[in-house]
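Participant: First, the structure itself, so that you have it in front of you.
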Amino acid sequence: MKKPLLLAFALLGLTACGDAVVATDNTVVDDQHEAVTEVVGIDFFHGEWDEALAKAQAENKKLFVDVYTEWCGPCKIMAATVFPQQSVGEYFNERFISIKLDAEDEDINGPELSDRYEVHAYPTYLFLNADGSEISRAVGGMEAEQFVSLAGQILGEHGGNFDELVARYEAGERSVEFVRQYLNGAQLQFSLINDRQKSYELFKSMKQVAEEYVASRGKENLINEEDFSIISSYWDKTPRGDEMAEFVIDNYDAFVAVAPEVAVVEFVLSSNWFGALNAAQAGDPVYKEYVADYDGKLAKAVAYRNAHDKSDLTDIERSKRVYHQMYLEATKNWAELHRVIEQGLQANPSAKGYIRAAGTLSKAEDSKYQGIVREYARKGYEMGLDNAFDLMTYVGILKQDGKTKEAEQVIDVYRNSLGDSAADKRNRELLDRFTQTPANTAQGS
Numbered sequence: 027m028k029k030p031l032l033l034a035f036a037l038l039g040l041t042a043c044g045d046a047v048v049a050t051d052n053t054v055v056d057d058q059h060e061a062v063t064e065v066v067g068i069d070f071f072h073g074e075w076d077e078a079l080a081k082a083q084a085e086n087k088k089l090f091v092d093v094y095t096e097w098c099g100p101c102k103i104m105a106a107t108v109f110p111q112q113s114v115g116e117y118f119n120e121r122f123i124s125i126k127l128d129a130e131d132e133d134i135n136g137p138e139l140s141d142r143y144e145v146h147a148y149p150t151y152l153f154l155n156a157d158g159s160e161i162s163r164a165v166g167g168m169e170a171e172q173f174v175s176l177a178g179q180i181l182g183e184h185g186g187n188f189d190e191l192v193a194r195y196e197a198g199e200r201s202v203e204f205v206r207q208y209l210n211g212a213q214l215q216f217s218l219i220n221d222r223q224k225s226y227e228l229f230k231s232m233k234q235v236a237e238e239y240v241a242s243r244g245k246e247n248l249i250n251e252e253d254f255s256i257i258s259s260y261w262d263k264t265p266r267g268d269e270m271a272e273f274v275i276d277n278y279d280a281f282v283a284v285a286p287e288v289a290v291v292e293f294v295l296s297s298n299w300f301g302a303l304n305a306a307q308a309g310d311p312v313y314k315e316y317v318a319d320y321d322g323k324l325a326k327a328v329a330y331r332n333a334h335d336k337s338d339l340t341d342i343e344r345s346k347r348v349y350h351q352m353y354l355e356a357t358k359n360w361a362e363l364h365r366v367i368e369q370g371l372q373a374n375p376s377a378k379g380y381i382r383a384a385g386t387l388s389k390a391e392d393s394k395y396q397g398i399v400r401e402y403a404r405k406g407y408e409m410g411l412d413n414a415f416d417l418m419t420y421v422g423i424l425k426q427d428g429k430t431k432e433a434e435q436v437i438d439v440y441r442n443s444l445g446d447s448a449a450d451k452r453n454r455e456l457l458d459r460f461t462q463t464p465a466n467t468a469q470g471s
């Protein structure tokens, strides 16, 4: 998973970010969302990419593509609360053939299709002509009304009114209904702006508006669906310790009573994840309190996540181990960190585990760990490294030992082993970046 850069994440509202990969064809299936017997919301097509395009051409419709990942919180919220709504289904089913694309599932060519359309954030919504050419795109989570309005703007059925909202706000209009409309309208703008710097600047200014709004309301008046939507958008991925994040966590039951539970769950668990992560990386023992909250004030959220998302069943326990190791590294408790790492490797040996353990322990000032670092690095390499990032960790360790020639040979062997798959192209690009050599761009699409 790709995590921090909190403000960068936040400027996408309910958006999580990831890497794109390469280009070729074809299959699209629906693994994230279960099929329903009677379609009320968006009627997603199950089949291959070319079949979806052909169906769109035959029915004189556009193509709508929901590009998601299994780990993306906003993707889950949209799937559970927006796509199934009747108003959304009526609008989209009349105008689009709609499909879902798991961007990381190589079995269905998700990476290839994601790279073809240069998808870098999730969820990304692609609005395409029936020949596959792009009309427009948007990113991030939003409410059903916003989502339909977004599609209407993209199809040219109506124009946006954000400039009008800006003018009214600057003129001093501050009613609750209007400021909500203004903040929600900005969410549409975030979704449509492809320039990160412009999105960042707009988000910063709108976050101030959101902060002024919630302050004027008083916390006791924020426990309703409309205001939770604003909180979850403008405080998304805000770490524990923040006043608003703590307010939602402390009033979890009350918010669940008025807002979609899946959205509240994703908000509080995300806040706890980032809070524990930041604290552990800083060597702050408060991370232990946040970890304990998984079995305390966050227990209901964890139970909901585990019951509704089987892919996340082990995430909490894995996160606890990661936090602990980060804390030991930050506090330079190398002996205990080595013990914990060795215990984990004995239980679950892997190339990635060994090479990343080597990278972590290479930061220890005590020279007694250097032999362990070399041993771990060698084991990882011999077990077979499948990505350029880990390979370059091994190369770096070789160079630290003065084995420059061997390091260069390792790079050459790895580069020559790469083929034309999406993963291989991604690794070639990373390798070129690490070694500062011109990228090989002769990959077909």
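Throughout the sequence shown, residue numbering follows our numbering, covering 27 to 471 in sequence. Just so you know, even glycine gets a beta-carbon here, dropped at the ideal spot from N, CA and C. Predicted model, so just to flag it, every value in this text is computed and none were measured.
#1: Could you pull the DSSP bridge partners for S124 from this structure?
#2: Going by DSSP, what residues sit across from R163 in a beta bridge?
#3: Using the rule of at least 16 other Cβ atoms within 10 Å of the residue's Cβ for burial, across every protein chain shown, is D438 buried or exposed?
#4: Just confirm the distance between the C-beta atoms of V312 and A305, as a whole number of angstroms; I'd bet it's less than 8 Å.
#5: How close, in whole Å, do the beta carbons of Y94 and P149 come, if the pair is a contact with beta carbons under 8 Å?
#6: Are there 16 or more other CB atoms within 10 angstroms of the CB of T461, so buried, or fewer, so exposed?
#7: How many angstroms separate the CA atom of I219 from the CA atom of E252?
#8: With DSSP as the reference, label D147 as helix, strand or coil.
#9: I'd like the span of the alpha helix (DSSP H) that includes H364, first residue to last.
#10: Alpha carbons only, please: which of L127, L139, Q112 is nearest the one belonging to E120?
#11: Select from F188, R400, I161 the residue whose C-alpha is nearest the C-alpha of Q207.
#12: Could you please give the first and the last residue of the uninterrupted alpha helix (DSSP H) stretch that includes L387?
#13: Is it buried or exposed for V47, if we count other Cβ within 10 angstroms and need 16 for buried?
#14: Which whole-angstrom value describes the C-beta separation of F109 and G67, a residue pair presumed to lie in contact below a C-beta threshold of 8 Å?
#15: Could you give the C-beta distance for D427 and R404, rounded to a whole number, given that I count them as a contact under 8 Å?
#16: Taking the alpha carbon of F71 as the point to measure from, which residue in S124, L303, Q234, E292 has its own alpha carbon closest?
#17: Does DSSP put D51 in a helix, in a strand, or in coil?
#18: Distance, Cα to Cα, Y143 vs E169?
#19: Excluding five sequence neighbours on each side, which residues of the same chain lie with their C-beta closer than 8 Å to the C-beta of Y380?
#20: With DSSP as the reference, label I249 as helix, strand or coil.
#21: So is A361 buried or exposed if we call it buried at 16+ other beta carbons inside 10 Å?
#22: For L191, tell me which candidate among Q213, S217, D76, E183 has the shortest Cα-Cα distance.
#23: If we count Cβ pairs, one from each stretch, closer than 8 Å, do we get three or more for the segment 224-240 versus the segment 250-265?
#24: Around the Cβ of G301, are there at least 16 other Cβ atoms within 10 angstroms (buried) or fewer (exposed)?
#25: According to DSSP, is H334 helix, strand or coil?
#26: So what does DSSP say about V192, is it helix, strand or coil?
#27: Could you check whether the segment 264-271 touches the segment 282-291, counting it as contact only if at least three pairs of C-beta atoms, one from each stretch, sit closer than 8 Å?
#28: Work out the CA separation of D341 and L303 for me, nearest whole Å.
#29: Figure out for me which residue from N298, S231, Y117 has the closest Cα to the Cα of A177.
#30: Can you have a look at T430 and say buried or exposed, based on whether 16 or more other CB atoms are within 10 angstroms of its CB?
#31: Since C98 is in the alpha helix (DSSP H), which residue starts that stretch and which ends it?
#32: By the three-class DSSP mapping on this structure, what secondary structure does V201 have?
#33: In angstroms with no decimal places, state the Cα-to-Cα distance between V284 and F216.
#34: Can you find the residues in the same chain that come closer than 6 Å, C-beta to C-beta, to A433, ignoring five residues on each side of it along the sequence?
#35: Helix, strand or coil, according to DSSP, for F173 in the structure here?
Facilitator: Let me spell this out:
#1: Numbered from 1 along the sequence shown, position 98 holds the residue referred to as residue 124. Under DSSP, the beta-bridge partners assigned to S124 are F70, F90.
#2: If you number the sequence shown from 1, residue 163 lands on position 137. DSSP, once it has assigned bridges, lists L152 as partnering R163.
#3: Locating residue 438 in the sequence shown gives position 412, counting from the first residue. Taking every protein chain shown into account, the CB of D438 has fewer than 16 other CB atoms within 10 angstroms, so this residue is exposed.
#4: Position 286 of the sequence shown, counted from the start, is the residue given in the question as residue 312. Position 279 of the sequence shown, counted from the start, is the residue given in the question as residue 305. Between V312 and A305, the beta carbon gap of about 5 Å places them in contact (Cβ cut-off 8 Å).
#5: Numbered from 1 along the sequence shown, position 68 holds the residue referred to as residue 94. Numbered from 1 along the sequence shown, position 123 holds the residue referred to as residue 149. Right, the Cβ-Cβ distance comes to about 5 Å (below 8 Å), so this counts as a contact.
#6: By one-based count along the sequence shown, residue 461 stands at place 435. Exposed, by the Cβ-count rule.
#7: In the sequence shown, the residue the question calls residue 219 occupies position 193. In the sequence shown, the residue the question calls residue 252 occupies position 226. Near 24 Å, if we compare the C-alpha coordinates of E252 and I219.
#8: What you label residue 147 is simply residue 121 of the sequence shown in a count that begins at 1. It is Ala, not Asp, that sits at residue 147 in the sequence shown. Three-state result, A147: strand.
#9: As a position in the sequence shown, residue 364 is number 338, starting the count at 1. Counting along the chain, the alpha helix (DSSP H) containing H364 begins and ends at 360-373.
#10: Taking the first residue of the sequence shown as 1, we reach residue 120 at position 94. If we check each option's Cα against that of E120, Q112 comes out closest.
#11: For the purposes of this step, residue 207 is taken as residue 181 along the sequence shown, with counting starting at 1. Ranking F188, R400, I161 by Cα distance to Q207 puts F188 first.
#12: Against the sequence shown, residue 387 aligns to sequence position 361. Start and end: 377-387.
#13: Position 21 of the sequence shown holds residue 47. Only weak support is given to the placement of V47: the predicted model assigns it a pLDDT of 30, under 50, and the question is left unresolved by the model.
#14: Residue 109 sits at position 83 when you count from the first residue of the sequence shown. Residue 67 sits at position 41 when you count from the first residue of the sequence shown. Right, their Cβ atoms sit about 5 Å apart.
#15: Stepping through the sequence shown from its first residue, residue 427 is reached at position 401. Stepping through the sequence shown from its first residue, residue 404 is reached at position 378. A Cβ-Cβ separation of about 11 Å leaves D427 out of contact with R404 under the 8 Å criterion.
#16: Here residue 71 refers to the residue found at position 45 of the sequence shown. Of the candidates S124, L303, Q234, E292, the one whose C-alpha sits nearest the C-alpha of F71 is S124.
#17: Numbered from its first residue, the sequence shown carries residue 51 at position 25. Note on D51: pLDDT 35, under 50, position unreliable in the model; the coordinate value appears next. In the structure shown, D51 sits in coil (DSSP, three-state: anything other than H, G, I, E or B).
#18: Reading the sequence shown from its first residue, position 117 is the one you call residue 143. Reading the sequence shown from its first residue, position 143 is the one you call residue 169. Straight-line Cα distance between these residues: approximately 25 Å.
#19: Working through the sequence shown from its first residue, we reach residue 380 at position 354. Within the same chain, Y380 has close Cβ partners L371, Y402, A403, K405, G406, M409.
#20: The residue labelled residue 249 in the question sits at position 223 within the sequence shown. Coil, per DSSP.
#21: As a position in the sequence shown, residue 361 is number 335, starting the count at 1. Per the 10 Å Cβ criterion, exposed.
#22: Here residue 191 corresponds to residue number 165 of the sequence shown, with the count starting at 1. The candidate whose alpha carbon is nearest that of L191 is Q213.
#23: Judged by Cβ distances under 8 Å, the segment 224-240 makes contact with the segment 250-265, as three or more pairs qualify.
#24: By one-based count along the sequence shown, residue 301 stands at place 275. Buried.
#25: As a position in the sequence shown, residue 334 is number 308, starting the count at 1. Reduced to three states, the DSSP call for H334 is helix.
#26: Against the sequence shown, residue 192 aligns to sequence position 166. Three-state DSSP puts V192 in a helix.
#27: They do not touch, by the three-pair rule.
#28: If you number the sequence shown from 1, residue 303 lands on position 277. If you number the sequence shown from 1, residue 341 lands on position 315. Roughly 14 Å separates the two Cα atoms.
#29: Within the sequence shown, residue 177 is the residue found at index 151, counting from 1. Minimum Cα distance to A177 is reached at Y117.
#30: Taking the first residue of the sequence shown as 1, we reach residue 430 at position 404. Burial call: exposed.
#31: Within the sequence shown, the letter at position 72 stands for residue 98. Counting along the chain, C98 falls outside any alpha helix (DSSP H), and DSSP gives it neither H nor E.
#32: As a position in the sequence shown, residue 201 is number 175, starting the count at 1. The sequence shown places Ser at residue 201, not Val. In the three-state DSSP reduction, S201 falls in the coil class, being neither helix nor strand.
#33: By one-based count along the sequence shown, residue 284 stands at place 258. By one-based count along the sequence shown, residue 216 stands at place 190. Answer to the nearest angstrom: the Cα atoms are 26 Å apart.
#34: Within the sequence shown, residue 433 is the residue found at index 407, counting from 1. For A433, where only same-chain residues beyond five positions count, the Cβ hits under 6 Å are V421, L424, K425.
#35: Along the sequence shown, one-based indexing puts residue 173 at 147. In this structure, DSSP gives F173 a helical state, which the three-state scheme calls helix.
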